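Structure record follows, encoded as structure tokens.
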């Protein structure tokens, strides 16, 4: 797959991870307008702090994106900050841009200072390998415990011009999606102002990445960056509806891939909560169910154990009607008006055995709703996370 | 082990579970003063609703406790309520007491109506087998996924008399302790008024069972019942300090056993959070760490991966000082003033390889504190919960 016009990318081994590519570079030779959404975790990794202020200083312009896997450079104090700054300096030097046009992102183990020397020494190599077809190499270089790369694309019309959009993401660690470091880099060749991009990315993230995690519950490094090179040549005051739809689709596709690739996951639960007194109630209930290890292990086993789902709702703090709450799986009603419904166990089991398990929980007390995606919890999750650092 | 004077117990097979004892009976021929703490889950199982109102109606008197494993009888509507009432009726008939002197508790799968016929038919057998030494049989009959029975005892002086206290509990499902059904039955031969018992049980539960779970986060069936037969013959206005201490000790011992016996657990994390702005902040931080699957899997692997601990604190919502937060494991300082400390990896690994892993997190911004016990998350947890109903 080729990148949208105005972008080049590469992915190489810098030696941070053992025998795996671990350094990704995106380069926009003529620069790109940019906007980003960052983690709300109070421990913000050094690259997050630096990128946030760089975007502000440059007025929303980015020329280079340097991403490393294997080390999150979070909770590393001044030492970590200095290491990240040295990477930024070196990238600006090699790519001949201003330091505030360099955007940094890191993912990996927390509490270890970035091995910046390895990265600095590798940047010229990453620069040499930049290519319009470099998205694949880049998508591999940013992974940690992910099983495979995550790339999504779409195309759209804007102000009479054709434009493309390509997104690359990494995720995993999906039992509490909020705790996985989630990185996404989305590029389009449309011309869009930084302010419009900022509104667009917020909207897209709310219905994609924030529906697998929950507002404000994020890791130390989570970052979603959207860049627009303007190479499509449209007027920047063109109607953005088609762009927004394409951006939403790419982000939703990436979010799905992240959940599906949750560590050891074999199924994705698509939970819709409706009938809530408020959106907060809907989210409380959705979050309690989606993060419940008992629900997630039952999902892994393909077991329609709805008692665990309702027990999670009961302790969630969400307001609901004991006499009106209902739950359906696919087209099977499991619970109706607060009591078990009549259904054949094997019909319910068939729904829970699918790759996508669609659940609909009606709280029976209002009109607010929420949607959340969640993966199952299996043995591979335990294996991956028990030995993560070794 | 013998029960305190005034109590008899038995445990038998009623056929609810396959080839396992599943019906426990406690009998106080002369009755006992009683007080209880129940789940705060909005889905309250039928036996919880009935026992709560029975205790009120009898003025805190109990003669019989009927406990079954294999079926929680929760979210079962009127049908479940009727089934529980029939069990109560039959117990009152066989044990020759009032219905409001019968205390019910159930644990097992949610959403299945109690097979009350099996229980009713088995009550005469349970009655026949009642014995002062029946605590062992009883302790086995109330288990679900627990590895083994949980019994603790202590003795104390009250008003110049010697008295004993014996507690029996069941737990498991410990990844979110709050989601496991936790039952505990504590008996003493001291004479204590129902009102004093109620204060005492609240105090004891706060520092034991509520420190493995978190306030208000409970399953559909959680119940702690304390009964006092008065057979020791003390004045009921005697000083209760020694009793309270003994009760606290028994409850703490049972709470420890429950965590240690968490499904597949091999380690217990004893996390103390201090330096918090408020108790709420301390509890928020403690809860986020204790329930984090990433922390729990690292604990399983004996990996001193403190980055995951701090990341959990960062997203917990607790207020803390980024520049003053510190973390120690045993006597090893891992994080000091918000930055990694100097320590040898193998020293830290040694602490995390123990059966009891003592962690102390100082939030650096106040004087409030909280303690929580949590188990690790290993493969056996997944195995147990994936196949729970099969």
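Protein chains in written order, with the numbering used here: chain A, 38 to 427; chain B, 38 to 427.
For glycine and all other residues, C-beta sits at the position ideal for the given N, C-alpha and C.
Given the structure is predicted, the values throughout are model-derived calculations rather than measurements.
Subject >> N-terminal and C-terminal residue of the beta strand (DSSP E) that residue 190 of chain B is part of >> reply: It spans 187-195 - the beta strand (DSSP E) in which residue 190 of chain B sits, taken as one unbroken run.
Original post:
In the DSSP assignment, what are the bridge partners of residue 306 of chain B?
Top reply: According to the DSSP secondary-structure assignment, residue 306 of chain B is paired through a beta bridge with B/394 and B/411.
Original post:
Within this structure, are the beta carbons of residue 299 of chain B and residue 412 of chain B separated by less than 8 Å?
Top reply: Yes, Cβ-Cβ distance for residue 299 of chain B and residue 412 of chain B is below 8 Å.
Original post:
So which of A/82, A/113, A/104 and A/72 has the shortest CA-CA distance to residue 93 of chain A?
Top reply: Nearest C-alpha to residue 93 of chain A: A/72.
Original post:
Assuming residue 313 of chain A and residue 406 of chain A make a contact with CB atoms under 8 Å, what is their CB distance in whole Å?
Top reply: Cβ atoms of residue 313 of chain A and residue 406 of chain A come within 8 Å of each other, at about 6 Å.
Original post:
Does any CB atom of chain B fall closer than 8 Å to the CB of residue 147 of chain A?
Top reply: It does; some Cβ of chain B falls within 8 Å.
Original post:
Where does the unbroken alpha helix (DSSP H) through residue 161 of chain B begin, and where does it stop?
Top reply: Note, residue 161 of chain B: alpha helix (DSSP H), 153-165.
**OP:** Please confirm whether residue 208 of chain B and residue 219 of chain B have their CB atoms less than 8 Å apart.
**Re:** Here residue 208 of chain B is near residue 219 of chain B, since their CB atoms are less than 8 Å apart.
Subject >> Cutoff 8 Å: residue 343 of chain B Cβ touching any chain A Cβ >> reply: For residue 343 of chain B, the nearest beta carbon of chain A is closer than 8 Å to its own beta carbon.
Subject >> Within chain A, partners of residue 419 of chain B - CB distance below 8 Å >> reply: Result: 334, 337, 414, 415, 416, 418 and 419.
Original post:
If you check the beta carbons only, do residue 347 of chain A and residue 147 of chain B fall under 8 Å apart?
Top reply: The Cβ atoms of residue 347 of chain A and residue 147 of chain B sit closer than 8 Å to each other.
Original post:
How about residue 400 of chain A and residue 362 of chain A: are their beta carbons less than 8 Å apart?
Top reply: It is a contact, given that the beta carbons lie within the stated cut-off.
**OP:** Closer than 9 Å by beta-carbon distance: list the chain B residues that pair up with residue 152 of chain A, in chain order.
**Re:** In chain order: nothing, as chain B lies at least about 14 Å away.
**OP:** Figure out for me which residue from B/366, B/370 and B/374 has the closest Cα to the Cα of residue 359 of chain B.
**Re:** Nearest Cα to residue 359 of chain B within the set B/366, B/370 and B/374: B/374.
Subject >> chain B contact for residue 242 of chain A (CB, 8 Å cutoff) >> reply: With 8 Å as the cut-off, residue 242 of chain A does not count as an interface residue toward chain B.
Original post:
In this structure, does DSSP put residue 222 of chain B in helix, strand or coil?
Top reply: In the three-state DSSP reduction, residue 222 of chain B falls in the strand class (E or B).
Subject >> Proximity test, Cβ basis, 8 Å: residue 78 of chain A and chain B >> reply: True, the Cβ-Cβ gap to chain B drops below 8 Å.
Original post:
Between residue 257 of chain B and chain A, is there a C-beta pair that is closer than 8 Å?
Top reply: Residue-level contact check: residue 257 of chain B touches chain A, since one or more beta carbons of chain A fall below 8 Å from its beta carbon.
Original post:
Are the CB atoms of residue 378 of chain B and residue 350 of chain B nearer to each other than 8 Å?
Top reply: Residue 378 of chain B is not a Cβ neighbour of residue 350 of chain B, given a cutoff of 8 Å.
**OP:** Take residue 161 of chain A as the anchor and find which of A/150, A/231 and A/127 has the nearest alpha-carbon.
**Re:** Per the Cα distances, A/127.
Original post:
What runs of the beta strand (DSSP E), each 3 residues or longer, lie entirely inside the region 222-294 of chain B?
Top reply: Counting only runs of 3 or more, we get 260-265.
**OP:** Name, in chain order, the residues that DSSP records as bridge partners for residue 54 of chain A.
**Re:** BP columns for residue 54 of chain A are empty, so no partner.
Subject >> is_contact[residue 107 of chain A, chain B] using C-beta, thresh 8 Å >> reply: Interface criterion not met: the Cβ of residue 107 of chain A is under 8 Å from no Cβ in chain B.
Subject >> One or two residues paired with residue 198 of chain A in a DSSP bridge >> reply: Within the DSSP bridge table, the entry for residue 198 of chain A names A/195 as partners.
Original post:
Using the C-alpha atoms, what's the distance from residue 108 of chain B back to residue 144 of chain B?
Top reply: If you take the alpha carbons of residue 144 of chain B and residue 108 of chain B, they lie about 5 Å apart.
**OP:** For chain B, find out if any of its Cβ atoms is closer than 8 Å to the Cβ of residue 370 of chain A; answer yes or no.
**Re:** No, residue 370 of chain A does not count as interfacial toward chain B.
**OP:** Following the continuous beta strand (DSSP E) through residue 45 of chain A, name the residue where it begins and the one where it ends.
**Re:** Unbroken beta strand (DSSP E) run through residue 45 of chain A: 45-49.
**OP:** Give the DSSP bridge partners of residue 357 of chain A, in chain order.
**Re:** Per DSSP, none; premise fails for residue 357 of chain A.
Original post:
Straight-line CA distance for residue 387 of chain A to residue 120 of chain A?
Top reply: Between residue 387 of chain A and residue 120 of chain A, the C-alpha separation is close to 52 Å.
**OP:** Check the DSSP bridge columns for residue 60 of chain B and list the partner residues they point to.
**Re:** According to the DSSP secondary-structure assignment, residue 60 of chain B is paired through a beta bridge with B/49 and B/105.
Original post:
In this structure, what does DSSP give as the bridge partners for residue 93 of chain A?
Top reply: Per DSSP, none; premise fails for residue 93 of chain A.
Subject >> Nearest residue (CA-CA) to residue 122 of chain B, options B/85, B/61, B/273 and B/241 >> reply: Nearest of B/85, B/61, B/273 and B/241 to residue 122 of chain B, Cα basis: B/85.
**OP:** Determine contact between the region 55-66 of chain A and the region 175-193 of chain A, defined as no fewer than three beta-carbon pairs at a distance below 8 Å.
**Re:** Verdict: yes, contact present.
Subject >> DSSP-derived helix/strand/coil call for residue 38 of chain B >> reply: In the three-state reduction of the DSSP assignment, residue 38 of chain B falls in the coil class, being assigned neither a helical nor a strand state.
Subject >> Of the listed residues B/267, B/87, B/48 and B/46, nearest to residue 260 of chain B (C-alpha basis) >> reply: In this structure, B/87 is the residue among B/267, B/87, B/48 and B/46 with its C-alpha nearest to the C-alpha of residue 260 of chain B.
**OP:** Give the DSSP bridge partners of residue 204 of chain A, in chain order.
**Re:** DSSP lists A/189 and A/223 as the beta-bridge partner residues of residue 204 of chain A.
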